[in-house]
Structures are given as structure tokens and as C-alpha cells.
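I have placed the structure first, in the form of C-alpha cells, so that the comments after it can refer back to it.
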Amino acid sequence: MTYQPCTPDYAQCAPDLNDVAANLVCAHATPRALIKETREVVDIARRFNKEVVRPYALELDRKLHEDPDFLPWDFVKKANDWGFYTMWIPRLFGGKGYFMHSMSAFVEEIGSACTAMANLIGVHYLGMATLAASWNAPLMMKIFRDVAAGEKAGDPRIISLAITEPSAGTDVEEPDLIDKGNITCHAKKVDGGYVVNGTKIFISNGHLSKWHVVIAYSDLDLPSQNTVCMLVQTGQKGFSFGRHEKKMGQRACPASELVFKDCFVPDNMIALDPEQIKDLKRDAKHTFQQVLDYVLGATRAGVAAFATGAARGAYEEALAFANETEVDGKLLANHEWAQCMLAEMYKNVNLARLAYMETNHHNASSGIYKSMLSKGMFQFSKYAPQFFVDKIAPTLLGNSLTTKWLRKQSFDSQPEDEMRRTSGWGSLAKFSGTDLGMKNCHMALELMGQAGLRHDQRVEKHFRDAKLLQIYEGTNQLNRLNLFKCLISRACPQSCVFHDA
10 MTYQPCTPDY AQCAPDLNDV AANLVCAHAT PRALIKETRE VVDIARRFNK EVVRPYALEL
70 DRKLHEDPDF LPWDFVKKAN DWGFYTMWIP RLFGGKGYFM HSMSAFVEEI GSACTAMANL
130 IGVHYLGMAT LAASWNAPLM MKIFRDVAAG EKAGDPRIIS LAITEPSAGT DVEEPDLIDK
190 GNITCHAKKV DGGYVVNGTK IFISNGHLSK WHVVIAYSDL DLPSQNTVCM LVQTGQKGFS
250 FGRHEKKMGQ RACPASELVF KDCFVPDNMI ALDPEQIKDL KRDAKHTFQQ VLDYVLGATR
310 AGVAAFATGA ARGAYEEALA FANETEVDGK LLANHEWAQC MLAEMYKNVN LARLAYMETN
370 HHNASSGIYK SMLSKGMFQF SKYAPQFFVD KIAPTLLGNS LTTKWLRKQS FDSQPEDEMR
430 RTSGWGSLAK FSGTDLGMKN CHMALELMGQ AGLRHDQRVE KHFRDAKLLQ IYEGTNQLNR
490 LNLFKCLISR ACPQSCVFHD A
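Residue numbering for the sequence shown follows the working numbering, beginning at 10 and increasing consecutively.
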């Protein structure tokens with residue numbers, strides 16, 4: 010993708026405050042209950058780290074080293090027992106109704122002890138967010154209520170997102186690239202549904218999930234205009250698991266191959282397809298791009314939160330090492346060169362956190378959280394009696410008219426600049442946070458020397474775990490290009506004109 014450069018009028022090209030300071034826009038409107046809730050979630054995460062994650066992280070990593078096909082069902086069941094797989098599902102759909110802002114702080118906290126375990130919880134909400142962004146209310150009700158029922162029964166029913174393909178990795182996340190990619194997962198329209206053939210790879214939590222949000226295409230020559238989003242259940246005829254990837258880092262979170270061979274998916278399990286949105290103002294390509302912008306604008310902030318956790322974990326291990334290790338007769342922490350390194354690492358943690366927090370503000374003012382954080386909806390979601398919520402939810406959400414109304418409000422009403430803003434900031438947080446996470450892990454290894462390479466010191470694990478964060482949810486290179494497209498080129502809209510390279 011190229012653009013025609015401009016000779017800028019600097020007054021014209023000055024950034025819009027809405028683009029660069031969402032915290033100012035949102036500060037006065039942020040409900041006090043949301044701040045209290047975030048503190049509560051962090052306290053829960055710290056207890057979980059103390060009781061479960063930190064004592065088990067190295068043991069689980071060793072198990073996966075000895076047996077790469079081991080699946081950490083024990084941890085998933087423990088997370089289910091703590092209620093983590095429904096914590097951020099709205100109460101209307103059977104969940105606990107915590108708001109997604111607080112989830113970033115949660116996964117940072119868990120990630121500071123083990124990024125893989127944070128991902129075993131967090132990636133469930135990638136699948137949840139994609140289904141939610143389709144605004145298919147009856148299907149959301151069915152799947153989310155099933156997750157809640159599984160929690161009560163002690164039977165985890167988590168959700169994965171299956172989008173990546175063997176020959177079209179990053180292309181599938183960028184509507185401007187997908188038609189040039191080698192797309193192979195085909196959804197053929199038949200009476201009553203679709204028949205799916207193809208393969209998905211690197212699907213986080215695939216082997217552990219009951220439900221899979223699968224992205225396939227009804228026309229492989231023009232996939233951008235023919236995207237089909239569907240729900241497939243583990244054990245369904247025509248669907249099976251392939252290999253379980255052997256990874257360098259985040260071993261505990263499986264990266265799975267999903268294989269579809271004449272897998273029939275009925276119409277009532279189709280979350281979104283071109284037929285469902287034919288009456289909207291935007292065409293199918295731009296509607297599905299909006300779905301991706303909704304999802305990735307939020308979940309890339311989540312990846313930045315994972316990375317902040319890794320950066321913090323590396324910093325905390327290095328600080329503890331410096332406070333107990335003597336060099337030339339005095340503690341390492343009393344050497345000025347070590348103090349400078351630790352100060353740099355502390356700075357990196359806080360910059361990464363600021364990036365994902367600012368992105369969350371953009372999602373509140375312009376993105377996927379916007380409707381849920383409106384004053385009336387927030388108050389209802391937070392304080393309505395549960396018996397009343399359970400009574401009205403099936404009637405309110407179980408019909409097609411609600412879905413049509415939600416899609417009109419979300420897809421037709423969101424301005425283009427809001428879509429670009431949330432997408433651009435999601436990318437900014439993602440590549441900034443993950444690069445800073447890797448930087449801190451590298452600095453911790455340098456400061457600790459040979460000791461940092463020991464498994465029991467935990468830093469080398471943080472290093473292995475953090476590297477993957479630079480790759481998934483779009484490589485950092487793709488996210489830099491997306492930032493340029495969404496925010497930098499917008500600064501001079503009359504002169505910067507994109508066209509296909």
C-alpha cells in the first residue's frame with residue numbers, strides 16, 4: 010500500500026485531540042463503579058497468582074517441555090472454578106458483568122507471573138468479543154449461557170477464534186490484504202446452512218475449547234466481500250483437531266490446528282454472513298472490516314496488557330535479584346549502572362501500561378465498549394436485579410428484530426473516523442507494549458547474567474513467552490502499517506491518498 014505524500018500545512022496536520030487524548034474525553038464520563046471494579050479485579054488476580062499461578066508456572070512449563078502434547082486441563086478447570094470464563098460476559102447473557110476495561114488490568118497481573126496462563130484465560134474473550142461484535146443476539150445468548158452453565162457444572166466451555174490459515178497468516182486480519190492472500194477455508198452455501206472445508210492453524214486454546222468462532226469465505230476469489238462467521242462445536246461431524254504446535258514460549262497455551270472436512274454448519278449457528286447484512290449501508294467488506302476493528306481495537310490492547318505483565322515480571326525478578334546479589338562488595342542495586350537499568354525497565358512497564366489504558370479509553374469513546382458504557386446501560390447492567398435480568402433477557406435478545414436494531418445502531422451509525430481511531434490505537438498499543446515487553450526481558454537477562462538463564466529464576470521464561478506477543482494478533486510490522494493508515498495518513502486528508510501498490 011502506498012500513498013501520495015504531502016507538503017504539510019502544519020496547522021491542518023496538527024492531531025485531533027480525539028485521536029491522541031481519549032483519556033481527557035472519557036475522564037468525566039467514566040463511572041466511579043468502573044474504577045472500583047478494576048481494583049477488585051486486580052485484588053482477585055493477585056490472590057490467584059499467589060495461590061495458583063506462581064506456584065505452578067515453572068512446573069507446568071517443565072511438563073510441556075517433557076511432553077509437548079500435554080493439555081493443561083487442570084489449570085483451565087481451576088480458572089473455571091474461580092469464575093474467570095464468565096467474569097466479563099454481560100449479565101444479560103448469564104455472566105458476572107464485569108466491564109472489559111478491567112480485564113486488561115487482570116491479564117497484566119496474571120501475565121506478570123505467567124503469560125501463558127494469562128492467555129489460557131484471556132484468549133477465551135477473543136472468541137467472545139468476535140461473536141459479540143457480530144451483534145447476533147440469539148446466538149450470543151445461546152453460546153454465552155452455555156459457558157455460564159459449564160461454569161456452574163464444573164465443566165469449562167471456553168471459546169476460541171479460528172481465523173489464521175496455513176498460507177495466509179496476517180493477511181486474514183487486514184481487509185486490504187485478504188484478497189491477495191492464499192485463502193483456502195471455504196464455506197459453501199447449501200440449503201439450511203454452509204458446508205465448510207479447510208484448515209485453520211495457530212488457534213490459541215483450540216484443543217481446550219468447546220466452541221470455535223470460525224471465519225470462512227463463501228468465495229475464495231473475493232474473500233473480503235464473502236466472509237462468513239460461524240460457531241462450530243468440538244465433536245461436531247466433519248470437524249477434528251490436527252497437530253498441537255511445539256512452541257518456544259507460552260507452551261501452556263496450546264496453538265492448535267483445526268481441520269474441517271465437509272463440516273455442515275446450520276443457519277442458526279451462523280453469526281454473520283453477507284445475506285444477514287445486505288440491508289445495511291456499508292457493503293459486506295466494510296461491515297466485516299468494522300467487526301475486525303471492533304474486536305482488534307480491544308484485543309490488541311489486551312495483548313499489550315499481556316506484554317506489560319511480561320515486562321513487569323522481568324523487571325520484578327531483576328529487582329529482586331539486584332537486592333540480594335553482591336557485586337564488588339556491595340549489593341547490585343547500589344551500583345549506579347544497575348539503578349539506571351532498573352529505572353529504564355520501570356519506565357518501560359509504565360509506558361506499556363499507559364498505551365493499553367489509553368487504547369481502552371478510545372474503545373470506550375469510539376469502539377466496542379461505547380454502548381455498554383453509556384450511563385443508562387452501565388447502570389442497568391450493574392445494578393438491575395438478577396431475577397429481572399433473567400426474565401427479560403430471553404424475550405429481549407432472543408429474536409431477530411433485536412439483532413437488526415443492534416446492527417443498525419452499531420454498523421450504520423459508527424463514523425469512519427471512529428473506526429480508524431480505535432483500530433489505529435489498538436495497533437499502537439500492541440506493537441509498543443510487546444516491543445517494550447521484549448526489551449525488558451532482554452535487559453533483565455543482561456543485568457542478571459548467567460543466573461538469568463536458569464529456569465528457576467523465571468526471566469528466561471518471560472523472555473520466551475514475550476517473543477510470541479510480537480507475532481500474534483497481526484505481526485508488529487502489520488500493526489505499524491495499520492497505525493500509519495489509520496492515524497498518520499488521516500492528518501493530511503486532502504493530500505495523503507492511498508491506493509494499491
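Beta carbons: idealized from backbone N, C-alpha and C, even for Gly.
N- and C-terminal bounds of the alpha helix (DSSP H) containing residue i
| i | result |
| --- | --- |
| G244 | First-last for G244: undefined, no H or E at that position. |
| V116 | 110 to 120 |
| N408 | Run containing N408: none; DSSP gives neither H nor E here. |
| L67 | 63 to 75 |
| L170 | Element bounds for L170: not the alpha helix (DSSP H) but the beta strand (DSSP E), 168 to 171. |
| W434 | 425 to 457 |
| V51 | 41 to 57 |
| F84 | 82 to 90 |
| I152 | 146 to 162 |
| T484 | Segment: none, T484 is in no alpha helix (DSSP H) and carries neither H nor E. |
Contact belief for residue i with residue j at Cβ below 8 Å, rounded distance in angstroms
| i | j | result |
| --- | --- | --- |
| F170 | L217 | Inspection of the sequence shows that residue 170 is occupied by Leu rather than by Phe. The pair is not a contact, with the Cβ atoms about 13 Å apart (cut-off 8 Å). |
| S121 | P184 | No, S121 and P184 are not in contact; Cβ-Cβ is about 35 Å, not under 8 Å. |
| V85 | L129 | 6 Å |
| D271 | N214 | The Cβ separation is near 25 Å, so there is no contact. |
| L69 | P81 | 6 Å |
| R430 | H371 | 6 Å |
| A138 | A393 | Going by Cβ atoms, the distance from A138 to A393 rounds to 23 Å, so no, they are not a contact pair. |
| V241 | V274 | 6 Å |
| V304 | A142 | 5 Å |
| M354 | M447 | With a Cβ gap of about 12 Å, M354 and M447 do not count as contacting. |
Other residues of its chain near residue i: CB distance less than 7 Å, five sequence neighbours each side excluded
| i | result |
| --- | --- |
| W91 | F57 |
| L492 | G433, S436, L437 |
| K107 | Checking the displayed sequence, the identity of residue 107 turns out to be Tyr instead of Lys. Closer than 7 Å at Cβ, skipping near neighbours: E46, V50, M96, W97. |
| F93 | I130 |
| K87 | V61 |
Element boundaries [beta strand (DSSP E), containing residue i]
| i | result |
| --- | --- |
| T334 | Careful: T334 lies outside any beta strand (DSSP E) and carries neither H nor E. |
| I224 | 220 to 226 |
| L511 | The question about residue 511 has no answer, for the chain in this structure spans 10 to 510. |
| E266 | 264 to 275 |
| A342 | Segment: none, A342 is in no beta strand (DSSP E) and carries neither H nor E. |
| G207 | 202 to 213 |
| V199 | 195 to 199 |
| A177 | Run containing A177: none; DSSP gives neither H nor E here. |
| I279 | 279 to 281 |
Spatially closest choice to residue i from the options, by CA coordinates
| i | options | result |
| --- | --- | --- |
| A438 | E469, V51, F315 | F315 |
| N357 | D337, R321, N332 | R321 |
| C495 | A364, K151, D302 | D302 |
| L487 | G433, D474, N449 | G433 |
| M150 | I44, T404, S436 | T404 |
| I286 | G202, M428, N359, W414 | W414 |
| V116 | H471, V312, D399 | V312 |
| N277 | K255, D200, L363, A66 | D200 |
| I212 | R489, L490, N485, Y481 | Y481 |
| D76 | A261, I497, D282 | A261 |
| L231 | L43, L186, K161 | L186 |
| F396 | R48, R71, R100 | R100 |
| P283 | F297, T368, S441 | F297 |
| L360 | S419, L445, Q299, G461 | L445 |
| R291 | T243, Q418, K246, T484 | Q418 |
| D83 | Y65, R71, F250 | Y65 |
Contact set for residue i: own chain, Cβ-Cβ below 6 Å, skip 5 residues either direction
| i | result |
| --- | --- |
| G103 | F153, R154, A157 |
| G163 | none |
| I172 | V181, I224 |
| A347 | A331, L341 |
| H508 | Low confidence applies to H508: its pLDDT is 44, below 50, so where it sits in the model is not reliable, and the reading given next is rough at best. Answer for H508: no residue qualifies. |
| A196 | Y203, V205, A225, S227, V237 |
| N89 | E160, P165 |
| G258 | R473, D474, K476, L477 |
| R416 | W144 |
| H471 | A319, G322, A323, C450 |
| Q479 | T443, N485 |
8 Å CB neighbourhood of residue i in its chain, flanking five on each side removed
| i | result |
| --- | --- |
| V62 | I119, A122, C123, M126 |
| Y19 | In this predicted model, Y19 has a pLDDT of only 43, less than 50, meaning its place in the structure is not dependable; the value taken from the coordinates is given anyway. So the list is empty, once near-sequence residues are dropped. |
| L351 | Y324, A327, L328, A331, A342, L456 |
| C349 | none |
| S409 | P147 |
| Three or more C-beta pairs below 8 Å linking the region 424 to 433 and the region 371 to 391 | These segments touch.
Segment contact, 8 Å Cβ cut-off, at least three pairs: the region 440 to 459 with the region 320 to 327: The region 440 to 459 and the region 320 to 327 touch, with no fewer than 3 CB-CB distances between them shorter than 8 Å.
**Message:** Counting beta carbon pairs with one atom in the region 160 to 178 and one in the region 187 to 200, are three or more of them shorter than 8 Å?
**Reply:** yes
Problem set entry | Validate contact between the region 461 to 474 and the region 337 to 346 using beta carbons, cut 8 Å, 3 pairs | no
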